[in-house]
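**Student:**
Numbering (our numbering), first residue to last: 950 to 1128.
#1: CB-CB under 7 Å to residue 975, same chain, minus the five flanking residues each way: which ones, in chain order?
#2: Kindly indicate which three-state DSSP category residue 1101 falls into: helix, strand or coil?
#3: Among 1089, 964, 1106, which has the Cα closest to the Cα of residue 1128?
#4: Between residue 1083 and residue 1097, is the Cβ-Cβ spacing less than 8 Å?
#5: Can you have a look at residue 1008 and say buried or exposed, based on whether 16 or more other CB atoms are within 10 angstroms of its CB?
#6: Less than 8 Å separating the beta-carbons of residue 1053 and residue 1074?
#7: How would you call residue 1106, buried or exposed, if buried means at least 16 neighbouring beta carbons within 10 angstroms?
#8: Round the Cβ separation of residue 965 and residue 971 to the nearest angstrom and send it over; I've been treating them as touching at under 8 Å.
#9: Kindly indicate which residue of 1000, 1026, 987 has the alpha-carbon position closest to the one of residue 954.
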């Protein structure tokens, strides 16, 4: 049960009128259309939306399809309906992951960095993507670091400096290590 689908579906006046009519008794399309003063195609359209949101169900009776309310949906409290089963951390992690993916997609094309982001947060995300190319617990010479960075972008000096500046790598005695 997706709360957004339910709320979006019930935000339409015609659908609310259909739901109110179905609260009285189950009905077929023609009867609903007559009762509400709508065309049968309009009622059918709205019933499809209500069925997609699992608010209405249907059953065949002879030549007609009879629609009725899904009673279960009306026994759920508003609090239960809007409650997200995920923890706050899960929600934040998902949003952060989506944001990271968006930043990487907009700055990288075919694994090449198109430009360095100016915004600090975006720049860090780009640098974190680059630093994944370095093995942990291995020392690199400056030349090795430059060669790896050059696979991403020509400005390896700025990126190397930023990797150290953002504490993603450390430099000691002319050797670099991923942190």
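All C-beta atoms, glycine included, are put in the ideal place defined by N, C-alpha and C.
**Tutor:** Reading from the atomic positions:
#1: Counting from 1 along the chain shown, the entry for residue 975 is found at position 26. Contacts found: 1015, 1016, 1017.
#2: Taking the chain shown and counting its residues from 1, the one referred to as residue 1101 is at position 152. Note: residue 1101 maps to coil in three-state DSSP.
#3: To locate residue 1128, count along the chain shown from 1; it is residue 179. Out of 1089, 964, 1106, 1089 has the C-alpha closest to the C-alpha of residue 1128.
#4: The residue given as residue 1083 occupies position 134 in the chain shown. The residue given as residue 1097 occupies position 148 in the chain shown. Pairing residue 1083 with residue 1097 gives a Cβ-Cβ distance under 8 Å.
#5: For the purposes of this step, residue 1008 is taken as the residue at position 59 of the chain shown. So residue 1008 ends up on the exposed side.
#6: The count along the chain shown starts at 1 and reaches residue 1053 at position 104. The count along the chain shown starts at 1 and reaches residue 1074 at position 125. It is a contact, given that the beta carbons lie within the stated cut-off.
#7: Indexing the chain shown from 1 puts residue 1106 at position 157. Residue 1106 comes out exposed.
#8: Mapped onto the chain shown, residue 965 falls at position 16. Mapped onto the chain shown, residue 971 falls at position 22. About 11 Å; that fails the 8 Å criterion.
#9: Position 5 of the chain shown, counted from the start, is the residue given in the question as residue 954. Taking only the C-alpha atoms, the option nearest residue 954 is 1000.
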